[in-house]
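S.K.: Sharing a structure, written as structure tokens. Questions coming.
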Amino acid sequence: MFLGRVVGTLVASRKEGTLEGLKFLVLRQIDVDRAETGTYVVAADAVGAGVGEIVLYASGSSARQTLVTKDRPVDAVIMAIVDTWEVHGETRYHKYRE
Amino acid sequence: MFLGRVVGTLVASRKEGTLEGLKFLVLRQIDVDRAETGTYVVAADAVGAGVGEIVLYASGSSARQTLVTKDRPVDAVIMAIVDTWEVHGETRYHKYRE
Amino acid sequence: MFLGRVVGTLVASRKEGTLEGLKFLVLRQIDVDRAETGTYVVAADAVGAGVGEIVLYASGSSARQTLVTKDRPVDAVIMAIVDTWEVHGETRYHKYRE
Amino acid sequence: MFLGRVVGTLVASRKEGTLEGLKFLVLRQIDVDRAETGTYVVAADAVGAGVGEIVLYASGSSARQTLVTKDRPVDAVIMAIVDTWEVHGETRYHKYRE
Amino acid sequence: MFLGRVVGTLVASRKEGTLEGLKFLVLRQIDVDRAETGTYVVAADAVGAGVGEIVLYASGSSARQTLVTKDRPVDAVIMAIVDTWEVHGETRYHKYRE
């Protein structure tokens with residue numbers, strides 16, 4: 000999985016029928032220092048994420064292993080909202096101490 | 000999923016039998032500012048997209064989760080035509096205001 | 000899917016049993032202007048392609064959705080021989096007008 | 000599979016329900032000389048790996064083929080802790096001789 | 000599939016249970032001129048390959064379509080040992096004429 004910052008939303012009214020009701024968010028991939036890597040992805044939201052939040056997203060067939068994405072043509076899903084991570088024993092991000 | 004602009008069409012008469020009737024479109028991947036990224040992809044069309052439209056496409060096994068691509072050897076599918084997206088609260092694209 | 004030019008053939012006599020009878024071709028990936036992109040791939044052939052032909056190939060699990068590749072350990076398959084494509088209304092390739 | 004060094008941990012309390020109990024680790028991908036390649040990945044842990052250890056991780060649908068990740072939306076899993084590897088007959092890494 | 004040269008071996012005693020008995024080899028990806036591309040991969044061995052041999056490997060879910068890798072968390076498998084390939088009618092590699 001990669002880390003991403005939710006930066007926006009996307010609306011598509013004409014789509015494959017099974018996608019009805021799914022929420023699509025625009026993510027910027029970030030590295031462990033929270034710098035943007037230049038990669039964006041449009042992901043389905045399985046956890047109620049909002050713009051500005053830092054999330055974990057899964058790609059490929061694994062993106063279809065959530066309640067809202069099962070059997071649907073989506074290849075990226077936000078499956079967790081990140082609270083905190085640390086690298087080499089040092090906290091690099093903490094959701095409630097920003 | 001990634002954003003793409005439909006730039007062309009492709010015809011192949013000699014192909015795996017199950018592909019009969021599928022429509023193949025040529026996409027240029029674009030970023031959230033609608034700049035082309037240099038990547039193209041040939042995708043099956045599941046939503047009736049036309050040249051010039053901005054679409055969302057899914058890759059890998061997820062490309063086989065539409066009515067027209069199920070069990071077929073395709074690894075990219077257009078699963079939505081995009082109406083609008085916004086980034087940092089600002090509309091970056093709106094289909095009907097171009 | 001990506002476009003490729005068939006540039007060669009590959010023979011392997013010691014291989015996983017289920018691969019018996021499969022034909023392996025060497026492809027150079029090309030872009031929509033038919034320039035080689037530097038990427039090669041060895042693909043199974045599902046359509047009787049020959050050296051010099053321009054083909055469409057699928058990767059990943061989708062490469063196992065043809066009659067000859069089903070349940071076999073192959074991750075790339077030629078699933079169509081391309082007749083023609085056009086970009087921005089202009090024909091960029093036509094098999095029978097070369 | 001690729002080699003990675005476990006460099007940190009990640010906590011996410013709001014997540015897809017099936018992820019409850021899974022441990023997420025932050026990896027830096029390394030090459031066969033143990034130099035970091037610049038790529039990081041967040042992986043589920045299937046083997047009880049700890050920070051500092053060198054591990055092997057699998058990506059994509061293969062990441063769901065462990066007891067702890069089955070049917071869950073994860074696309075990377077640590078499936079082995081590496082003891083040693085050698086390249087051209089020379090040991091490049093040995094867990095117990097560092 | 001891609002071509003690789005087997006350059007080494009890897010041992011991991013602490014691993015997901017289903018991996019018991021699998022042999023892991025270190026590969027350097029090569030191009031059709033046998034130059035190393037800079038990419039390495041650790042692959043399961045399904046054909047009894049040895050260090051020095053040139054092989055074909057499959058990635059992703061296709062890596063689980065061999066007798067030894069079925070349902071196991073591996074994302075790369077050596078599924079053939081290459082005898083020969085030719086490009087533009089010219090033999091670029093022949094196992095028994097080296």
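Protein chains in written order, with numbering that gives the first Met the number 0: chain A, 0 to 97; chain B, 0 to 97; chain C, 0 to 97; chain D, 0 to 97; chain E, 0 to 97. Heads up, the beta-carbon is just placed ideally off N, CA and C, and yes, glycines get one too. From a predicted model like this one, the values you see are computed outputs, not experimental measurements.
Please report the straight-line C-alpha distance between residue 22 of chain D and residue 1 of chain A, rounded to a whole angstrom.
M.R.: 15 angstroms
S.K.: Which partner residues does residue 58 of chain A have in the DSSP bridge list?
M.R.: A:75
S.K.: Could you round the C-beta distance between residue 8 of chain A and residue 84 of chain B to whole angstroms and report it? I think they count as a contact, below 8 angstroms.
M.R.: The distance from the Cβ of residue 8 of chain A to that of residue 84 of chain B is about 7 angstroms, consistent with a contact at the 8 angstroms cut-off.
S.K.: For residue 93 of chain B, which residues from the same chain have a beta carbon less than 6 angstroms from its beta carbon, with the 5 sequence-adjacent residues on both sides left out?
M.R.: 83
S.K.: Determine the closest residue to residue 95 of chain D out of E:6, E:10, E:4, with distance taken between C-alpha atoms.
M.R.: E:10
S.K.: Could you have a look at residue 94 of chain D and say whether DSSP puts it in helix, strand or coil?
M.R.: helix
S.K.: Given a limit of 7 angstroms on CB to CB distance, which residues of the region 50-75 of chain C reach chain E?
M.R.: 59, 60, 62, 63, 70, 71, 72, 73, 74, 75
S.K.: For residue 66 of chain D, count the other beta carbons within 10 Å of its own beta carbon; 16 or more makes it buried, fewer makes it exposed. Which is it?
M.R.: exposed
S.K.: Take residue 54 of chain A as the anchor and find which of A:20, A:16, A:28, A:90 has the nearest alpha-carbon.
M.R.: A:28
S.K.: In the structure shown, what three-state DSSP assignment does residue 4 of chain B receive?
M.R.: strand
S.K.: Please report the distance separating the alpha-carbon of residue 77 of chain D from that of residue 42 of chain C.
M.R.: Cα-Cα distance, rounded: 29 angstroms.
S.K.: Is residue 33 of chain E buried or exposed, if buried means 16 or more other CB atoms sit within 10 Å of its CB?
M.R.: exposed
S.K.: Report yes or no: is there a C-beta of chain D within less than 8 angstroms of the C-beta of residue 1 of chain A?
M.R.: yes
S.K.: May I have the straight-line CA-CA distance separating residue 61 of chain B from residue 58 of chain C, to the nearest angstrom?
M.R.: 12 angstroms
S.K.: The beta strand (DSSP E) with residue 98 of chain D in it runs from where to where?
M.R.: Nothing about residue 98 of chain D can be reported from this structure: the residues present for chain D run from 0 to 97 only.
S.K.: With a 10 Å radius around its C-beta and 16 neighbouring C-beta atoms as the bar for buried, classify residue 69 of chain E as buried or exposed.
M.R.: Exposed, since its Cβ has fewer than 16 Cβ neighbours within 10 Å.
S.K.: Here's the rule I'm using: 16 or more other beta-carbon atoms within 10 Å means buried, otherwise exposed. How should residue 89 of chain E be labelled?
M.R.: exposed
S.K.: Just how far apart, CA to CA, sit residue 50 of chain E and residue 26 of chain D?
M.R.: 28 angstroms
S.K.: I'd like to know whether the C-beta atoms of residue 18 of chain D and residue 48 of chain D end up nearer to each other than 8 angstroms.
M.R.: no
S.K.: Give the DSSP-derived three-state secondary structure of residue 37 of chain A in the structure shown.
M.R.: Note: residue 37 of chain A maps to strand in three-state DSSP.
S.K.: To the nearest angstrom, report how far apart residue 80 of chain D and residue 4 of chain E are at their CA atoms.
M.R.: Distance from the CA atom of residue 80 of chain D to the CA atom of residue 4 of chain E, rounded to whole angstroms, is 24 angstroms.
S.K.: Could you tell me the alpha carbon to alpha carbon distance between residue 87 of chain B and residue 6 of chain A, rounded to whole angstroms?
M.R.: 6 angstroms
S.K.: Roughly how many angstroms separate the alpha carbons of residue 74 of chain A and residue 97 of chain E, rounded to a whole number?
M.R.: 44 angstroms
S.K.: Can you check which of these residues, B:16, B:91, B:12, B:46, is closest to residue 14 of chain A by C-alpha distance?
M.R.: B:46
S.K.: Can you list, in chain order, the residues of its chain with a C-beta nearer than 8 angstroms to that of residue 72 of chain B? Leave out the 5 residues immediately preceding and following it.
M.R.: 15, 17, 18
S.K.: Answer with yes or no whether the minimum CB distance from residue 39 of chain C to chain E is below 8 angstroms.
M.R.: yes
S.K.: Can the beta-carbon of residue 39 of chain D be found closer than 8 angstroms to that of residue 44 of chain A?
M.R.: At least 8 angstroms separates the beta-carbon of residue 39 of chain D from that of residue 44 of chain A.
S.K.: Does DSSP classify residue 83 of chain C as helix, strand or coil?
M.R.: DSSP places residue 83 of chain C in strand when its eight states are reduced to three.
S.K.: Please decide whether residue 42 of chain A counts as near chain D, where near means a Cβ-Cβ distance under 8 angstroms.
M.R.: no
S.K.: Please report the distance separating the alpha-carbon of residue 12 of chain C from that of residue 56 of chain E.
M.R.: 14 angstroms
S.K.: Who are the near neighbours of residue 91 of chain B in its chain, counting only those whose CB is closer than 8 angstroms to its CB and skipping five residues on each side?
M.R.: 31, 32, 33, 84, 85
S.K.: In this structure, does DSSP put residue 9 of chain D in helix, strand or coil?
M.R.: Residue state, collapsed to three classes: strand.
S.K.: With a threshold of 6 angstroms on Cβ separation, who are the neighbours of residue 52 of chain A within its own chain once the five nearest residues in sequence on each side are excluded?
M.R.: 5, 80
S.K.: Looking at the ligand FMN, does it come within less than 7 angstroms of residue 33 of chain B, judged from the CB to the closest heavy atom?
M.R.: The model on display carries no ligand, and the ligand FMN is accordingly not part of it.
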